[in-house]
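Structure first, then comments.
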Amino acid sequence: MSFDLPFVLPDGWEIKTVEQLIKDKIIEKPLDGNHGGIHPKSSDYVSKGIPFVMASDLHSGRVDLSGCKFITEKQAKTLRKGFAKTGDVLISHKATIGRTAIVQQNDYPYIMLTPQVTYYRIIDDEKLSNVYLKSYFDSPFFQSLLALWAGSGSTRAYLGITGQLKLPVIVPPIDSQKFIANHVFTFNEKIELNTQTNQTLEQIAQAIFKSWFVDFDPVKAKMETLAAGGSADDAELAAMRVISAKTLDELNSLKASNPEAFNKLAQTAALFPAAMQDSELGEIPEGWEVKLSGEIMDVRDGTHDSPRRSEVGYPLVTSKHITTGVLALKDAYLISEEDYLKINKRSNVSQGDILLTMIGTVGIPYLVSQNEVDFAIKNVGLFRTSEMPLIRSYFFMLLKSEQMQSYLDARMAGTTQKYLSLKALRMLEVLVPPNEILTEFNWHANSVLESIFSNVTESEALSNLRDALLPELLAGKLI
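All residue numbers in the sequence shown are consecutive under my numbering, ending with 1120.
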């Protein structure tokens, strides 16, 4: 394996292989997750425990510990390797090639890696900075070399630990590393802030969704008040309290200080019934319905063929390119315009549609917010919510809910690799509230989702600018 450096290194800068960095005691020997029979299976996953991190959990330079799978600590202790900790640099090296992250501060004793991901642990931080190393891994030079050596574009793209030992690492003096790292950190800090903001915004939307459509808090508040001998007006006030999270005194103050807001809250509370009824999903609010997803909207999936890779063309998005809130188009290979148009005759994606991962890491939804959609999909579910704007935000939050995730898990097929069929996607049992309640929910949720997309767009722009500066920094031109 050979390589050509696309620029001349400044004086005092070195190129070392990973193997040399180990011999010089600058880093530990990199390790990936456990292979073979001891590798945890999907049936081993639990709701809480030790994070079990896959390539799809690496995005925006960090590990998505909220959206990853978990295994028990007892099982983790039976594994031989793949124990990553805070400060380790992670890189994906199998199938999905070249995603990177630094393990951020977290509340776990360690995180477990799958065989898709390698950790790099620095011993001597006076010789090598972890932020610099991640930045170097992100550089176009390293990414293209990694993709070439791993056979990227094939279905079996892979560069194991033995191959990784031969990888070159540009090692500037530590002051230059820190200069590069500080420039990159400025971008990463803003991206991280956007990520944290989005997590908070999503928690707000999920809290409203759960209260209204899972726990049925406004309905139950009315029922409990009436059952205790309260009047209809008392029941409405009870619903207003749970919707607004305000006390009775606070509601009275609101009525006096802002009657318009009080009346709006009263109108929202009035939309909810004061009784429950039986359904296929158990007890639901009176007057609400249960329908199959295929009855509500057009449900399709992407191609099942494998179009040939093209030097120019359009990205082919698969399940591995969909992560929580992000569409990793940079990781998708290109297909020809002919194949793109052929796929999109049946599975054209529009702004406002919802995508859902169907194979591998199953059940991750993505709301398409781009004005111009210039990609095709493969083995990805497509819900044409662009044609159903009233239910779009509700259905997106429904797909993200714990209840729907459990529902999807129970309907997966396959043994070695789990998947959801198109038939299963069309047969999802969906609780459908009245249009008036959906309209009110949209008033709350749409602005939150728009803010989330705005932050994602800004983070992508910052990421692109950062990556454009990296080659100049690594060539020593800006130092």
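The beta carbon of each residue, even a glycine, is placed where N, CA and C say it ideally should be.
Taking residue i as the reference, give the member of the options with the closest Cα.
i: isoleucine 668; options: His700, Lys768 and Lys735; result: Lys768
i: leucine 970; options: Lys986, Ala1017, Ala910 and Asp946; result: Ala1017
i: proline 1112; options: Lys689, Arg762 and Ser780; result: Ser780
i: leucine 1115; options: Gln847, Phe820, Gly943 and Ala717; result: Phe820
i: phenylalanine 1024; options: Asn1105, Asp729 and Met999; result: Met999
i: alanine 910; options: Asp919, Gln918, Glu921 and Ala873; result: Ala873
i: asparagine 893; options: Ile884, Leu878 and Asp1050; result: Leu878
i: valine 810; options: Thr713, Gln840, Tyr773 and Asn985; result: Tyr773
i: leucine 808; options: Ala880, Arg1107, Leu646 and Val1003; result: Leu646
i: valine 855; options: Met1053, Arg1107, Leu1040 and Ala897; result: Leu1040
i: tyrosine 686; options: Met938, Lys664, Thr713 and Leu662; result: Thr713
i: valine 1009; options: Leu672, Pro914 and Ile963; result: Ile963
i: aspartate 980; options: Asp1015, Gly1001 and Asp994; result: Asp1015
i: histidine 676; options: Val758, Glu660, Ile663 and Asp652; result: Val758
i: lysine 775; options: Ala822, Gly1001, Asp816 and Ala736; result: Ala822
i: leucine 1069; options: Asp766, Gln716, Phe1036 and Gln818; result: Phe1036
i: glutamate 1099; options: Lys1019, Gln1011 and Met1038; result: Gln1011
i: lysine 1019; options: Arg1067, Asp972 and Thr944; result: Thr944
i: isoleucine 849; options: Thr836, Glu833, Ile815 and Ile884; result: Ile884
i: glutamate 1056; options: Ser683, Asp816 and Lys664; result: The amino acid occupying residue 1056 in the given sequence is threonine; glutamate does not appear at that position. Of the listed residues, the one whose Cα sits closest to threonine 1056 is Ser683.
i: asparagine 1087; options: Lys887, Ala862 and Ile845; result: Ile845
Could you tell me the boundaries of the alpha helix (DSSP H) in which residue i lies?
i: leucine 867; result: 858–868
i: tyrosine 1007; result: Careful: tyrosine 1007 lies outside any alpha helix (DSSP H), inside the beta strand (DSSP E) at 1006–1008.
i: phenylalanine 850; result: 815–854
i: glycine 935; result: 934–937
i: tyrosine 749; result: Note, tyrosine 749: premise wrong, no alpha helix (DSSP H); not H, not E.
i: aspartate 875; result: 873–885
i: serine 785; result: 781–791
i: leucine 892; result: 889–898
i: alanine 1065; result: 1063–1067
Evaluate residue i with the Cβ neighbour count: other Cβ atoms within 10 Å of its Cβ, from every protein chain shown; 16 or more gives buried, anything less gives exposed.
i: valine 803; result: Before going on, a small fix: residue 803 reads as threonine here, not valine. By the neighbour-count rule (16 or more Cβ atoms within 10 Å), threonine 803 is not buried but exposed.
i: glutamine 908; result: exposed
i: tryptophan 1084; result: exposed
i: phenylalanine 1121; result: Residue 1121 lies beyond the range of the chain shown here (642 to 1120); nothing can be said about it.
i: arginine 797; result: exposed
i: arginine 1107; result: buried
i: aspartate 673; result: buried
i: proline 956; result: buried
i: asparagine 1096; result: buried
i: threonine 719; result: exposed
i: glutamate 1081; result: buried
i: aspartate 994; result: buried
i: glycine 792; result: exposed
i: valine 990; result: buried
i: asparagine 839; result: buried
i: threonine 1002; result: buried
i: leucine 1031; result: exposed
i: arginine 882; result: buried
Between which two residues does the beta strand (DSSP E) holding residue i run?
i: lysine 710; result: 710–712
i: leucine 800; result: Counting along the chain, leucine 800 falls outside any beta strand (DSSP E), and DSSP gives it neither H nor E.
i: serine 688; result: Taken as a continuous stretch (DSSP letters only), serine 688 belongs to no beta strand (DSSP E), as it is neither H nor E.
i: isoleucine 752; result: 752–754
i: tyrosine 760; result: 758–761
i: serine 733; result: 730–735
i: lysine 657; result: 655–658
i: proline 809; result: 809–812
i: tyrosine 955; result: 955–958
i: valine 940; result: 940–942
Checking contacts by CB at 7 Å: is residue i closer than that to chain C?
i: asparagine 829; result: No chain C appears in the structure shown, which is made up of a single protein chain.
Practice task
Any chance you could list the beta strand (DSSP E) runs of at least 3 consecutive residues sitting entirely within the segment 978–1006, in chain order?
Solution key: Complete beta strand (DSSP E) runs here, min 3: 995–998.
Practice task
Report the residue ranges of all beta strand (DSSP E) runs contained in full by the segment 1069–1103; include only those spanning at least 3 residues, in chain order.
Solution key: As far as the segment 1069–1103 is concerned, its whole beta strand (DSSP E) runs of at least 3 residues are 1070–1073.
Practice task
State whether the segment 721–729 contacts the segment 758–765, with contact taken as three or more CB pairs (one from each stretch) at a distance under 8 Å.
Solution key: Yes, they touch.
Practice task
Give a yes or no on contact between the segment 1092–1103 and the segment 1044–1057, applying the rule of three or more CB pairs nearer than 8 Å.
Solution key: Taking a cut-off of 8 Å on C-beta distances, the segment 1092–1103 does not touch the segment 1044–1057, as fewer than three cross pairs fall below it.
Problem - Inter-stretch contact at 8 Å, needing at least 3 Cβ pairs: the segment 939–956 / the segment 979–988 - result: Result yes; three or more Cβ-Cβ pairs closer than 8 Å.
Handout entry: Every unbroken beta strand (DSSP E) within the segment 1014–1050, with a cutoff of 3 residues, ordered by chain
Key = Within the segment 1014–1050, the complete beta strand (DSSP E) runs of at least 3 residues are 1021–1024.
Handout entry: Validate contact between the segment 746–754 and the segment 688–695 using beta carbons, cut 8 Å, 3 pairs
Key = Judged by Cβ distances under 8 Å, the segment 746–754 makes contact with the segment 688–695, as three or more pairs qualify.
Problem - Cβ contact check for the segment 700–709 and the segment 827–843: 3 or more pairs under 8 Å - result: Judged by Cβ distances under 8 Å, the segment 700–709 makes contact with the segment 827–843, as three or more pairs qualify.
Handout entry: Contact between the segment 857–877 and the segment 896–904 (3+ Cβ pairs under 8 Å)
Key = No, the segment 857–877 is not in contact with the segment 896–904.
Practice task
Could you say if the segment 925–943 and the segment 1025–1040 meet the contact criterion of at least three C-beta pairs nearer than 8 Å?
Solution key: Three or more beta-carbon pairs drawn from the segment 925–943 and the segment 1025–1040 are found closer than 8 Å, and the two stretches are therefore classed as touching.
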